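The structure appears below as structure tokens.
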């Protein structure tokens with residue numbers, strides 16, 4: 019009988035990431051599962067594991083008494099919020115990929131904003147139809163330069179986006195309740211600023227506190243040319259109200275990476291909202307994405323083996 | 019008989035620009051022509067004018083003996099390169115819009131680059147078809163962060179683009195032969211750098227020296243993932259060679275604002291080149307574009323009336 023492997027790998031890896039993982043865990047015993055095609059032995063292997071790399075189904079954690087540490091392959095961990103800690107090993111630790119998506123998500127936000135300001139939402143479809151629309155679209159072109167922007171959230175994505183917007187000489191405020199980076203520390207102060215803003219960029223995580231935070235009333239305070247960006251979580255915005263705003267031209271456009279439903283159903287009104295770019299939750303992607311996930315895990319594994327505190331521990335109950 | 023107006027206005031203006039012009043030229047006599055629908059008296063009015071605002075047909079300048087100053091509504095002036103100065107008034111001065119398009123053109127270049135790196139060239143068409151392609155496109159996502167970029171040209175567009183690329187922590191070189199901003203001062207040094215670059219951005223004007231400068235040999239030195247940007251002039255690049263590179267995947271993609279033919283004919287191969295975004299010479303557009311053109315003219319007019327040197331005088335013979 020093959021002895022149980024202490025490390026259960028559920029994370030999706032490409033060849034480079036897998037090579038790194040194997041090289042950096044030489045001498046360790048690993049069970050590799052394919053989360054897109056689970057094998058019959060995976061659940062049993064997970065039950066015996068001490069360490070897990072990857073986001074297993076939340077219900078599995080109720081029957082993993084030996085599990086001491088799980089390294090998520092995501093930044094978000096809302097999915098594990100309702101963990102019953104009484105069924106987990108004492109001292110169980112959850113770590114995430116804190117910071118990994120700051121650059122790609124901020125660049126996707128900028129890509130969407132610049133695409134809207136510079137007319138790519140019209141020019142790219144026109145290209146497919148070989149339509150020359152220069153004189154038609156040029157009077158609608160706008161600059162990002164000098165825009166007044168509000169970033170919701172002072173996490174790594176929000177702060178990276180703030181810095182990039184400042185390079186375009188935007189005036190950027192940051193809304194956050196518990197951050198020294200915040201320039202707008204209360205919802206009341208935010209509401210007072212909304213009528214003056216050109217760009218509002220949501221970089222908030224999904225927590226009970228953020229759920230529905232950007233509601234119809236807040237959307238209603240935006241000026242009619244404002245661009246709404248969401249690279250945080252779909253649950254933060256009242257999506258039905260957002261769709262109505264876009265459909266009726268009450269805001270200037272939107273760049274949406276995250277939505278309530280992912281994938282977005284084919285009959286969903288978001289697909290056809292005017293001046294709206296859907297990036298389909300690709301905001302975190304980049305060439306070394308899977309390799310960097312594996313690197314984060316192996317760096318933390320080295321700490322674990324030395325008995326040192328792990329990096330990027332999240333507090334499920336508190337939400338960060 | 020109406021006395022001849024000394025100021026001939028051929029520039030296309032919107033209502034805000036026209037209001038500004040009228041308010042700032044109170045007491046002056048102006049002849050307004052509509053360049054999109056010329057009237058029979060326009061040529062005669064031009065012949066009597068001392069000042070012209072707007073890019074009249076080059077051949078008109080051969081029969082305007084009183085014309086002392088023409089304010090172009092463009093930065094480029096290649097179209098007037100073959101002026102016969104013996105047929106112009108002594109001391110005739112040509113001024114352009116130096117610097118006006120730096121921000122919009124650099125933002126369009128960034129919009130195109132980020133769109134290619136962040137997959138918008140695939141995501142925007144997929145949206146029209148309501149196709150969820152996240153898992154397909156995400157592994158192809160790239161970051162602008164950290165790219166090695168070469169900007170061709172140290173004019174205002176090139177330097178603005180350099181600064182914005184640096185905000186994304188790109189390593190940026192500037193190729194120019196006669197500029198203290200250049201880090202690459204010779205064609206030989208440029209050729210040595212091309213195989214290492216991720217982004218090559220042409221911001222060169224059209225001059226006899228730049229015509230065909232980025233030829234098939236230089237395109238051939240680029241690595242297969244390199245992105246080619248042109249917000250300068252179409253004549254700078256060998257367009258036939260560029261199309262072949264794109265069609266055969268010998269470079270990674272392109273963002274083309276300027277081309278040999280504008281408008282691009284519907285049977286032109288550029289329309290369907292893979293990983294190519296055509297922005298249809300909208301790169302200079304922004305909300306205050308026409309107003310700023312009128313402001314440049316009225317500021318220069320005030321200098322003219324005070325007998326002061328004009329701003330943004332161009333030397334047609336020398337090319338700058």
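Protein chains in written order, with this note's numbering: chain A, 19 to 338; chain B, 19 to 338.
Glycine included, C-beta positions come from ideal geometry on N, C-alpha and C.
Computed from a predicted model, the values in this text were never measured in an experiment.
For residue i, which of helix, strand or coil comes out of DSSP?
| i | result |
| --- | --- |
| residue 38 (chain B) | helix |
| residue 121 (chain A) | helix |
| residue 229 (chain A) | coil |
| residue 296 (chain A) | strand |
| residue 131 (chain A) | helix |
| residue 202 (chain B) | strand |
| residue 185 (chain A) | helix |
| residue 19 (chain B) | With a pLDDT of 47 at residue 19 (chain B), under the threshold of 50, the modelled position of this residue cannot be trusted; read the value that follows with caution. Residue 19 (chain B): coil per DSSP, three-state reduction. |
| residue 112 (chain A) | strand |
| residue 81 (chain A) | helix |
| residue 328 (chain A) | coil |
| residue 235 (chain B) | helix |
| residue 289 (chain A) | helix |
| residue 191 (chain B) | strand |
| residue 315 (chain B) | helix |
| residue 151 (chain A) | coil |
Going along chain A in order, which residues have a C-beta closer than 7 Å to the C-beta of residue i?
| i | result |
| --- | --- |
| residue 150 (chain B) | 281, 282, 298 |
| residue 9 (chain B) | No answer is possible for residue 9 (chain B): it lies beyond the span of chain B, which begins at 19 and ends at 338. |
| residue 155 (chain B) | 300 |
| residue 185 (chain B) | 182, 185 |
Could you give the distance in angstroms between the alpha-carbon of residue i and the alpha-carbon of residue j?
| i | j | result |
| --- | --- | --- |
| residue 200 (chain A) | residue 171 (chain A) | 8 Å |
| residue 58 (chain B) | residue 51 (chain B) | 10 Å |
| residue 259 (chain A) | residue 130 (chain A) | 21 Å |
| residue 330 (chain A) | residue 169 (chain A) | 23 Å |
| residue 213 (chain A) | residue 85 (chain A) | 50 Å |
| residue 19 (chain B) | residue 26 (chain B) | Here the model assigns residue 19 (chain B) a pLDDT of 47, short of 50, so the residue's position is not dependable and the matter cannot be decided. |
| residue 143 (chain B) | residue 143 (chain A) | 6 Å |
| residue 36 (chain B) | residue 313 (chain B) | 10 Å |
| residue 44 (chain A) | residue 321 (chain A) | 15 Å |
| residue 186 (chain A) | residue 227 (chain B) | 32 Å |
| residue 106 (chain A) | residue 332 (chain A) | 15 Å |
| residue 288 (chain B) | residue 28 (chain A) | 44 Å |
| residue 34 (chain A) | residue 311 (chain A) | 11 Å |
| residue 257 (chain B) | residue 98 (chain B) | 23 Å |
| residue 195 (chain A) | residue 75 (chain A) | 31 Å |
For residue i versus residue j, is the C-beta spacing smaller than 7 Å?
| i | j | result |
| --- | --- | --- |
| residue 248 (chain B) | residue 276 (chain B) | yes |
| residue 308 (chain A) | residue 48 (chain A) | no |
| residue 302 (chain A) | residue 119 (chain A) | yes |
| residue 281 (chain B) | residue 254 (chain B) | no |
| residue 136 (chain B) | residue 125 (chain A) | yes |
| residue 54 (chain A) | residue 315 (chain A) | no |
| residue 207 (chain A) | residue 179 (chain A) | no |
| residue 238 (chain B) | residue 278 (chain B) | no |
| residue 65 (chain B) | residue 41 (chain B) | no |
| residue 61 (chain A) | residue 87 (chain A) | no |
| residue 156 (chain A) | residue 300 (chain B) | yes |
| residue 138 (chain B) | residue 133 (chain A) | yes |
Mind checking which residues open and close the alpha helix (DSSP H) that includes residue i?
| i | result |
| --- | --- |
| residue 261 (chain A) | 257-265 |
| residue 48 (chain A) | It is not in any alpha helix (DSSP H) - residue 48 (chain A) instead sits in the beta strand (DSSP E) that spans 48-50. |
| residue 272 (chain A) | Here residue 272 (chain A) belongs to no alpha helix (DSSP H); instead the beta strand (DSSP E) covers 271-274. |
| residue 334 (chain B) | No alpha helix (DSSP H) holds residue 334 (chain B); DSSP gives it neither H nor E. |
| residue 254 (chain A) | First-last for residue 254 (chain A): undefined, no H or E at that position. |
| residue 245 (chain A) | No alpha helix (DSSP H) holds residue 245 (chain A); the beta strand (DSSP E) holding it covers 245-248. |
| residue 62 (chain A) | 60-66 |
| residue 142 (chain A) | 138-146 |
| residue 70 (chain B) | Here residue 70 (chain B) belongs to no alpha helix (DSSP H); instead the beta strand (DSSP E) covers 69-71. |
Under DSSP, the beta strand (DSSP E) around residue i begins and ends at which residues?
| i | result |
| --- | --- |
| residue 166 (chain B) | 166-170 |
| residue 26 (chain B) | 25-27 |
| residue 88 (chain B) | 87-89 |
| residue 219 (chain B) | 217-220 |
For the ligand NAP, any of its heavy atoms closer than 6 Å to the Cβ of residue i?
| i | result |
| --- | --- |
| residue 23 (chain B) | The ligand NAP is absent from the structure shown, which contains no ligands of any kind. |
Can you pull the chain B neighbours of residue i, defined as C-beta to C-beta under 7 Å?
| i | result |
| --- | --- |
| residue 126 (chain A) | 136 |
| residue 160 (chain A) | 304, 305 |
| residue 168 (chain A) | Residues of chain B passing the Cβ test: none, with the nearest at roughly 19 Å. |
By the criterion of Cβ-Cβ separation under 8 Å, what are the contact partners of residue i in chain B?
| i | result |
| --- | --- |
| residue 289 (chain A) | 145, 148 |
List the residues of chain A whose Cβ lies closer than 8 Å to the Cβ of residue i, in chain order.
| i | result |
| --- | --- |
| residue 163 (chain B) | 121, 125 |
| residue 139 (chain B) | 142 |
Please list, in chain order, the chain A residues whose beta carbon lies closer than 9 Å to that of residue i.
| i | result |
| --- | --- |
| residue 295 (chain B) | 138, 141, 142, 145 |
- Output, in sequence order along the chain, the residues in the segment 298-316 of chain B whose CB is closer than 9 Å to any CB in chain C. In the displayed structure, chain C is absent; the protein chains listed are A and B.
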